[in-house]
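Enquirer:
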Amino acid sequence: MASMRDFKRHRETIKTLYLSENRPLEQLILIMEQRYHFRATEAQYKKRLKEWGMFQKNILKHKLLKLLGMIHKRRTIYNKDSFV
5 MASMRDFKRH RETIKTLYLS ENRPLEQLIL IMEQRYHFRA TEAQYKKRLK EWGMFQKNIL
65 KHKLLKLLGM IHKRRTIYNK DSFV
């Protein structure tokens, strides 16, 4: 079972694979085992990702609507494009 220290040591790699490369959790676990010899359960990954604020990859509807409103306002009032 992986300790908190083990997770801390691999945090940036996990973040890159999970968020930047958009890998599914199952693939993340497999890569971490094969490349880094890091073994942890799915439940442990979920717990750590949630603690680190990384668990939810998909944007929530209310956040998306707020973001779209901000983009619309920026375009109409300031005549500027926003890159999301």
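If you read the sequence shown in the working numbering, its first letter stands for residue 5, the second for the next number, and so on. In this text, a Cβ means the ideal position worked out from N, Cα and C, and glycines have one as well.
#1: Quick check on R43: does DSSP put it in helix, strand or coil?
#2: Would you call the segment 34-51 and the segment 69-85 touching, i.e. three or more CB-CB distances under 8 angstroms?
#3: Assign F59 to one of three DSSP states: helix, strand, or coil.
#4: With C-beta atoms as the reference, is L21 less than 7 angstroms away from R27?
#5: Express the C-alpha separation of K77 and M36 in angstroms, rounding to a whole number.
#6: Out of R79, I75, I33, point me to the one whose CA is closest to F11's CA.
Expert: Here's the rundown:
#1: coil
#2: no
#3: coil
#4: yes
#5: 43 angstroms
#6: I33
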